[in-house]
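Here is the structure we will look at.
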Amino acid sequence: MKPVVELHQVERIYRSGSRRRQVEVRALDGVSLKIDEGEFVSVMGPSGSGKSTLLHILGLLDRPSSGRYLLAGDDVTALDDEAAARVRNRRIGFIFQAFFLMPRYTALKNVELPLVYRGLPEAERRSRAERALAEVGLADRMDHLPSELSGGQKQRVAIARALVQEPALLLADEPTGNLDSESGREILALFDHLHGAGKTLVVVTHEREIAERSRRVLHMRDGRLVNDEVLG
Ligand code: ADP
Ligand code: MG
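One gets this note's numbering by counting positions in the sequence shown from 1 and adding 465 to each.
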């Protein structure tokens, strides 16, 4: 198995406050981690333990203060913003708790958007977006606006938008945090399906039920990986 993610002693230090009273927060404190292609990993830990910071670094939304990050073998530690955006667009799908759909765009348009940034021709954009929406079970909702969809359906559109890029890595930060338990279960079933289809998934959650769907649980505390639990 090829590693998709390799972190070597990654630190992320936030500095805030005035010059005289500087406050340092060590959000990640020497995290080393390897994730292979096709793994379904969840990340658990108390609030403030560094889960979102870790995910943002994996998703190239943030940079380590020190340490190294290899994505599918390529060193992406020190890319500038433009290069990071390019790699993110092509290789990473990010799913947020708050969906972040464009309210005036249909489901189909929302899913096409990453491909617009990539400059793909319209017909190809459309057929790929349709395929991604079908994969998440929304073939009959493509022309709906976000306001015409349930929470679980909105999250599925957001997942389709992540999938349409055929990313090497799918990242989700508390993806069921805004959903009722029934919709949450739908999203979990979808993650199972994606894992079965060979996707590499990293999901931050504080719900043990979600973590138990994955095959490996990383436990964080105070910016450190304190336990790497492989489930049967
Ligand atoms: P989690 O997702 O596990 O709740 P975070 O990764 O969001 O934790 O935060 C880890 C630590 O970093 C916390 O102590 C938090 O207050 C701090 N932190 C997060 N983002 C920032 C920021 N932009 N500036 C300063 N401190 C931050
Ligand atoms: Mg968080």
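Just so it is clear, CB atoms sit at the ideal spot from N, CA and C, and this is done for glycine as well.
No experiment lies behind these values; they were computed from the predicted model shown.
Taking just the CA atoms, how far does residue j sit from residue i?
| i | j | result |
| --- | --- | --- |
| residue 543 | residue 535 | 10 Å |
| residue 698 | residue 509 | Only positions 466 to 697 of the chain appear in this structure, which leaves residue 698 out of reach. |
| residue 527 | residue 627 | 18 Å |
| residue 580 | residue 629 | 8 Å |
| residue 597 | residue 680 | 24 Å |
| residue 499 | residue 546 | 24 Å |
| residue 656 | residue 650 | 10 Å |
| residue 621 | residue 556 | 19 Å |
| residue 584 | residue 574 | 14 Å |
| residue 669 | residue 638 | 5 Å |
| residue 613 | residue 674 | 29 Å |
| residue 591 | residue 549 | 26 Å |
| residue 587 | residue 490 | 45 Å |
| residue 493 | residue 478 | 7 Å |
Kindly examine ligand 2 and report whether one of its heavy atoms sits closer than 7 Å to the Cβ of residue i.
| i | result |
| --- | --- |
| residue 687 | no |
| residue 517 | yes |
Going by DSSP, what residue range makes up the alpha helix (DSSP H) through residue i?
| i | result |
| --- | --- |
| residue 656 | 646 to 661 |
| residue 598 | 587 to 600 |
| residue 546 | 546 to 556 |
| residue 620 | 616 to 628 |
Could you check how far apart the C-beta atoms of residue i and residue j are, in whole angstroms? I think they sit under 8 Å.
| i | j | result |
| --- | --- | --- |
| residue 503 | residue 476 | In fact, because the Cβ distance is near 28 Å, the residues do not count as touching under 8 Å. |
| residue 664 | residue 696 | Going by Cβ atoms, the distance from residue 664 to residue 696 rounds to 18 Å, so no, they are not a contact pair. |
Taking residue i as part of the beta strand (DSSP E), name the residues at either end of that continuous run.
| i | result |
| --- | --- |
| residue 578 | Taken as a continuous stretch (DSSP letters only), residue 578 belongs to no beta strand (DSSP E), being part of the alpha helix (DSSP H) at 572 to 582. |
| residue 497 | 488 to 501 |
| residue 689 | 689 to 695 |
Between residue i and ligand 1, is there a pair consisting of the residue's CB and a ligand heavy atom that are separated by less than 7 Å?
| i | result |
| --- | --- |
| residue 537 | no |
| residue 514 | yes |
| residue 582 | no |
| residue 433 | Nothing can be reported for residue 433, as the shown portion of the chain is limited to 466 through 697. |
| residue 510 | yes |
Which runs of the alpha helix (DSSP H), 4 residues or longer, sit entirely within the segment 508 to 540? 516 to 523
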